[in-house]
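Everything in the sequence shown is counted per our numbering, starting at 35 for the first residue and increasing by one. Ideal Cβ positions, reconstructed from N, Cα and C, are used throughout, including at glycine.
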Amino acid sequence: MMNINKIVGEQIRARRKEQGLSGSELGDKLKLSQQQVSRYERGECNIPLDMLFTISQVLEVPFVKLFGDLDKNRDYIY
């Protein structure tokens with residue numbers, strides 16, 4: 035069973051790579067260390083809601099897209 039942190043982390047990593055950013059570059063834009071970005075991407079910790087919103091803005095992706103395919107992942111979101 036995959037948890038929501040992993041789902042969101044995978045989406046962040048995919049969007050970051052689509053933008054051609056390294057983890058360090060994303061961290062700079064978010065004022066976070068590369069290590070913290072990596073923890074988020076691996077789903078190792080909860081991401082504060084305000085940080086999720088900032089990540090969506092920096093990656094130029096709708097906030098809801100960070101949760102992946104909502105129909106496919108609905109069991110993990112409730």
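key: Nonlocal neighbours in the same chain, by C-beta distance under 8 Å from residue 97, ignoring five residues either side   = 86, 87 and 90
request  = Reducing DSSP to helix, strand and coil, say where residue 72 ends up.
outcome  = helix
task = Tell whether a beta-carbon distance below 7 Å holds between residue 77 and residue 51.
result = no
query = Leaving out the 5 sequence neighbours to the left and right, which residues in its chain are closer than 6 Å to residue 42 when beta-carbon positions are compared?
reply = 100
inquiry  = Spatial neighbours of residue 92 within its chain, please: C-beta separation below 8 Å, excluding the five flanking residues on both sides.
reply    = 60, 63 and 64
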